[in-house]
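Peer 1: For the sequence shown, our numbering begins at 3 and goes up steadily by one. For each residue, glycine too, the CB sits at the ideal point set by N, CA and C.
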Amino acid sequence: MDIHAEDVALGDSRMRTAILFFILLVLSVMPSYGEMYKWVDEKGTVHFTDDPSSIPEKYRTDAESRKTPKEAPALKKEERPSSASTARKPSELGGFDVPLERRGELSVAEVILNGRKRQHFIVDTGASFTLINRQTVKDLDVTIDENTPFLPITTASDVILTPLVTLRSVRVGKAEVENVDALVHNLPGDTAGLLGNSFLNKFRVVIDSVNGKMTLFRQEGKISPDRPGGYGKDYWAGRFQFYNK
């Protein structure tokens with residue numbers, strides 16, 4: 003029994019390490035500008051490269067090119083406010099409290115996608131996008147086809163072109179956001195997805211690890227020429243930094 007328990011603990015540790023590693027990959031969505039080339043070999047295997055000379059000559063005429071996003075400054079990871087800075091402003095009264103579950107080093111929150119699909123997502127205030135797995139895409143009847151945009155994610159040895167879809171709504175506790183962009187990729191293990199800044203950047207996020215909760219304060223203010231939609235320049239710069247103009 004002792005040996006079995008150690009094996010289980012080791013497996014859990016490796017799984018957490020794999021998930022944390024993939025989160026780092028999500029943070030490294032490449033903002034470089036250029037062309038990515040897609041080609042299929044005689045076995046039906048799909049390949050991607052940014053160097054057309056690396057494509058075997060017999061496949062070059064059929065290779066497809068995809069534009070990658072223009073370069074943009076990297077977003078700064080959100081600093082968790084100190085106890086002095088967490089005092090609510092008058093406009094922030096009535097923030098949304100969300101229970102968090104600890105899984106090793108990760109914080110997990112319950113989310114509801116498109117008003118009907120209930121999942122548990124890892125919360126990461128440093129991730130540029132929310133991420134969902136392919137099974138969830140099927141369950142939500144979200145279409146991925148030739149018109150779906152792709153964003154490149156760098157790995158240790160390769161570049162992965164990842165589908166970018168739009169969820170009709172994401173609700174966390176009583177906080178709900180419509181038209182949330184999400185990358186589609188399977189995380190290690192049975193992790194359903196990751197809650198990133200395509201949802202969280204609508205809020206000021208305060209994480210209380212001691213009490214196991216996250217509080218979301220809406221960011222939008224009065225709409226003006228300088229604040230379209232009620233949001234400031236930093237919000238919109240982050241919102242569109244990975245898209246072509």
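#1: State the CB to CB distance for the pair Asn116 and Ser171, rounded to an integer number of angstroms; the pair is presumed to be in contact (CB under 8 Å).
#2: Here's the rule: buried if 16 or more other CB atoms are within 10 angstroms of the residue's CB, otherwise exposed. What is Gln137?
#3: Between which two residues does the beta strand (DSSP E) carrying Val144 extend?
#4: Name the DSSP bridge partner or partners of Ser109?
#5: Give the straight-line distance between the Cα atoms of Arg120 and Asp64, rounded to the nearest whole angstrom.
#6: Identify the continuous alpha helix (DSSP H) that holds Lys119 and give its terminal residues.
#7: Could you give the residue range of the beta strand (DSSP E) that holds Lys215?
#8: Look up Ser171 in the DSSP assignment and give the residues it is bridged to.
#9: I think Lys130 touches Asn181, with their Cβ atoms under 8 Å apart; what is that distance to the nearest whole Å?
#10: So Arg173 and Val113 are in contact, right, with Cβ under 8 Å, and what is the actual spacing, rounded?
Peer 2: Judging by the given coordinates:
#1: 6 Å
#2: exposed
#3: Neither: Val144 is in no beta strand (DSSP E) and is coded neither H nor E.
#4: Arg104
#5: 42 Å
#6: No alpha helix (DSSP H) contains Lys119, which is instead part of the beta strand (DSSP E) from Lys119 to Val125.
#7: Lys215 to Arg220
#8: Glu180
#9: One detail in the question is off: residue 130 reads as Ser in this sequence, not Lys. The Cβ separation is near 16 Å, so there is no contact.
#10: 7 Å
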